[in-house]
Ligand SMILES: [Cu+2]
């Protein structure tokens, strides 16, 4: 880097420049991450985030925490590794939710008139706060993977039930037992989404009777540990200045 | 270059904003390949109970379909299929679907070569002119839409309500049910998450902390106060998760999981009293917009019959005077005098006769069936409806190769 004349000449001014730099970066990051994190969620687990009648006890609580963990892991690594700022996961999830709600309110409700109570996304903020706190208190990626990512997965389902419970009341629908969420899916027509493409509790995990939810949640939690390790290493690999060696 | 990109951006924005308007007018029913529309699901007796309703009123869409035995190899068989409707989103809500008298809220297995009768009840929700079709979606095969008719919804969307009674005895409005809980929960967590972000954002964030970290002054970056606040936030988070979970179980103790799986369905009984049809040859006269068919008809019924109608891809060619009044049907899908039969005297029981049939109408072109010659399977198919003097109807499906004629005959 060439030598440049100092642009600031007082502590107060340096502070102002520093803050301005923070705000610009934060603005850019939030806009960018809102876009790409939302896109990532739509492409990987879209229907599970869109509709209440996809939010089942086996796949929803498995795929959402798993797919939504990727960005928070990388965010945590970058912010913690270089600045010791412990809100990487929370920031990523806030961005995701921002994108999701802009999408739901404008597109799903504003454009095609789905009622919002049918198209709301789940929230990973409870999981994200815990994940960030575990990293802050342990200052260890290994412990964060084992304790934090595990909690991230296990806490997802209980932290949604406040919203989802109301949609699982039983209904006698022309002689067929359905939950309210099923009725929503039937009545509020998705022309391009015929009923058979739903993936409701499909799978071979059949020996645990009623307890599909805890089994799925535990399985998800352990898978989350793995995802955390993998993407933590990935972040270590790519979030580095070594690619521009010799220029700084 | 930058200017070009800006222009491109503006153009795509304009295109995007125009797109929905044209989508509303025609939602693509004609864009399906002709062989698919003529050889898979054959819709007939389609009726719309009305073409004008107020918000909250109901339209009943009913009719029958036959699954053609010449089902194209190119698409999956209807082993899993969903009786659907084709409308632009939830402008109606679907209050019930019955196939052969059974409620059909999910997918079922349908048999090729058989007939099904459906009834779909739609409740008007958003004012406007909406095109309403029956549709059968075949898993791995895609959608097949029946005829569409315009239904006008009048009134005010704000008046719409959608009450449903649960087995726990509550009557809930599906338009709003549960929404306040979803909204409050999201707001609560946004406040907590937002607090955690602001807690750090209010001091110098990135560069300064990075410098301190590199100077080995890590312990200055997380203060005892940060730890205290973090601990408090953690406890509050866990407490709220537990509260949310258990208070909801308390409030809604009886819940059921999402329901899925194939429903049971039997086809309509097979008609014993049949008029058999065998296609000898068929030519499509492209300049004349007509199809000429030679068929052998064997009357296996007990009374003499005459040919009254040829139908394919939801378009109907009528032999005026034989077919009874068809009732309301979309004008662009009907050719009232479009069917010519060379030997139009009654076919006696037991008699086999060769009929030369000409079905002429611009619909061959406007409904894009003429594009059959570009399909991977240039066969066509259809239904012939015969009537005896008492108006009793005998339906028979047939199909086979169709040879195009490119010059005027
Ligand atoms: Cu249409």
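Chains as they are written, first to last, in my numbering: chain A, 1 to 248; chain B, 249 to 657.
C-beta atoms are modelled at their ideal positions from N, C-alpha and C, and glycine is treated no differently.
Small disclaimer: the values here were computed from a predicted structure and weren't measured.
(request) Please check if any C-beta of chain B sits within less than 9 angstroms of the C-beta of residue 97(A). (result) Yes, because at least one Cβ of chain B sits closer than 9 angstroms to the Cβ of residue 97(A).
(message) Helix, strand or coil for residue 206(B)? Go by DSSP, reduced to three states.
(response) Shown here, chain B extends from 249 to 657; a query on residue 206(B) therefore has no answer.
(message) In this structure, how does DSSP classify residue 306(B) when only helix, strand and coil are distinguished?
(response) In the structure shown, residue 306(B) falls within a strand segment according to DSSP collapsed to helix, strand and coil.
(request) Give the interface partners of residue 444(B) over in chain A, defined as CB-CB distance under 8 angstroms, in chain order. (result) Simply 87, 90, 129, 132.
(request) Determine, using beta carbons only, whether residue 345(B) and residue 366(B) come nearer to each other than 9 angstroms. (result) Cβ atoms of residue 345(B) and residue 366(B): closer than 9 angstroms.
(request) At 7 angstroms on the CB atoms, spell out the chain A contacts of residue 366(B), in chain order. (result) Simply none; closest approach about 14 angstroms.
(message) Does residue 313(B) come out as helix, strand or coil in the three-state DSSP assignment?
(response) In this structure, residue 313(B) counts as strand in the three-state DSSP scheme.
(message) Along the chain, where does the alpha helix (DSSP H) containing residue 103(A) start, and where does it finish?
(response) 88-103 is the span of the alpha helix (DSSP H), which, as asked, contains residue 103(A).
(request) Output, in chain order, the set of chain A residues within a Cβ distance shorter than 9 angstroms of residue 207(B). (result) No statement about residue 207(B) is possible, as the shown extent of chain B runs from 249 to 657 and does not include it.
(message) For a contact defined as C-beta to C-beta under 8 angstroms, what are the partners of residue 285(B) on chain A?
(response) What residue 285(B) touches in chain A: nothing, since even the nearest Cβ is about 17 angstroms away.
(request) Give me the Cα-Cα distance between residue 169(A) and residue 496(B), rounded to the nearest whole angstrom. (result) Straight-line Cα distance between these residues: approximately 12 angstroms.
(request) Please classify residue 292(B): does DSSP put it in a helix, a strand, or coil? (result) Per DSSP, reduced to three states, the secondary structure at residue 292(B) is strand.
(request) Please report the residue range of the beta strand (DSSP E) in which residue 630(B) lies. (result) Element bounds for residue 630(B): 627-636.
(message) At the level of alpha carbons, what is the spacing between residue 232(A) and residue 114(A)?
(response) If I take the Cα positions, the gap works out to 38 angstroms.
(request) Just the C-alpha distance for residue 549(B) and residue 573(B), rounded to the nearest angstrom, thanks. (result) It is roughly 23 angstroms from the alpha-carbon of residue 549(B) to the alpha-carbon of residue 573(B).
(message) Does the CB of residue 172(A) have a neighbour CB from chain B at under 9 angstroms?
(response) It does: the Cβ of residue 172(A) has a partner Cβ on chain B nearer than 9 angstroms.
(request) Starting from residue 41(A), trace the alpha helix (DSSP H) both ways and give me its first and last residue. (result) Per DSSP, the continuous alpha helix (DSSP H) segment holding residue 41(A) begins and ends at 11-50.
(request) Kindly list, in the order they appear in chain B, the residues whose Cβ is closer than 8 angstroms to that of residue 117(A). (result) The contacting residues are 422, 423, 424, 425, 426, 427, 430.
(message) Tell me which residues share the same chain as residue 400(B) and place their Cβ nearer than 7 angstroms to its Cβ, disregarding the 5 neighbours each side in the sequence.
(response) For residue 400(B), where only same-chain residues beyond five positions count, the Cβ hits under 7 angstroms are 299, 300, 377.
(message) Please return the same chain residues whose Cβ sits closer than 8 angstroms to the Cβ of residue 433(B), not counting the five positions on each side in sequence.
(response) Taking C-beta separations shorter than 8 angstroms and ignoring five residues to either side along the sequence, the partners of residue 433(B) in its chain run 492, following chain order.
(request) Check whether the Cβ of residue 37(A) sits closer than 8 angstroms to any heavy atom of ligand 1, and report yes or no. (result) No heavy atom of ligand 1 is found nearer than 8 angstroms to the CB of residue 37(A).
(message) Rounding to the nearest angstrom, what Cα-Cα distance links residue 490(B) and residue 349(B) in this structure?
(response) Answer to the nearest angstrom: the Cα atoms are 46 angstroms apart.
(message) Report the CB separation of residue 513(B) from residue 352(B) in whole angstroms; it is logged as a contact under 8 angstroms.
(response) Yes, residue 513(B) and residue 352(B) are in contact; Cβ-Cβ is about 7 angstroms, under 8 angstroms.
(message) Can you tell me whether residue 393(B) sits near ligand 1, meaning its C-beta is under 8 angstroms from at least one heavy atom of the ligand?
(response) Indeed, a heavy atom of ligand 1 lies less than 8 angstroms from the Cβ.
(request) Only counting runs of 3 or more residues, tell me where the beta strand (DSSP E) segments fall wholly within the segment 341-422 of chain B, in order along the chain. (result) Taking 3 residues as the minimum length, the beta strand (DSSP E) runs contained wholly in the segment 341-422 of chain B are 363-372, 376-386, 390-393, 397-402, 411-413, 419-421, in order along the chain.
(message) For residue 569(B), tell me which candidate among 586(B), 581(B), 578(B), 561(B) has the shortest Cα-Cα distance.
(response) Distance from the Cα of residue 569(B) is smallest, within the candidate group 586(B), 581(B), 578(B), 561(B), for 586(B).
(message) As an exercise, report each continuous alpha helix (DSSP H) stretch of at least 4 residues that is fully enclosed by the segment 162-210 of chain A, in chain order.
(response) At a cut-off of 4 residues, the continuous stretches assigned as alpha helix (DSSP H) that sit fully inside the segment 162-210 of chain A are 180-187.
(message) Against chain A, which members of the segment 347-359 of chain B pass a CB distance test of less than 8 angstroms?
(response) Against chain A - using a Cβ distance shorter than 8 angstroms - the residues of the segment 347-359 of chain B are 351, 353, 354, 355.
(request) Please decide whether residue 398(B) counts as near chain A, where near means a Cβ-Cβ distance under 9 angstroms. (result) For residue 398(B), the answer is no, since every Cβ of chain A falls outside 9 angstroms of its Cβ.
(message) Here's a check: name, in chain order, each residue in its chain whose Cβ is nearer than 6 angstroms to the Cβ of residue 646(B), leaving out the five neighbours to either side.
(response) Listed in chain order, the non-local C-beta contacts of residue 646(B) below 6 angstroms within the same chain comprise 525, 527, local neighbours out to five positions each way being set aside.
(request) Give the residues from the segment 461-481 of chain B that approach chain A closer than 7 angstroms (Cβ to any Cβ), ordered along the chain. (result) Using a CB distance below 7 angstroms, the part of the segment 461-481 of chain B facing chain A consists of 461, 466, 469, 470, 478, 481, ordered along the chain.
(message) Quick check on the DSSP output: the alpha helix (DSSP H) that includes residue 236(A) runs from which residue to which?
(response) First-last of the alpha helix (DSSP H) with residue 236(A): 212-238.
(message) Quick check: what's the CA-CA separation for residue 165(A) versus residue 112(A)?
(response) Rounded to the nearest whole angstrom, the CA to CA distance from residue 165(A) to residue 112(A) is 26 angstroms.
(message) Please report the distance separating the alpha-carbon of residue 458(B) from that of residue 420(B).
(response) Using only the alpha carbons, I get a separation of about 54 angstroms.
(message) In whole angstroms, give me the CA-to-CA distance for residue 428(B) and residue 438(B).
(response) Residue 428(B) and residue 438(B): Cα-Cα distance of roughly 15 angstroms.
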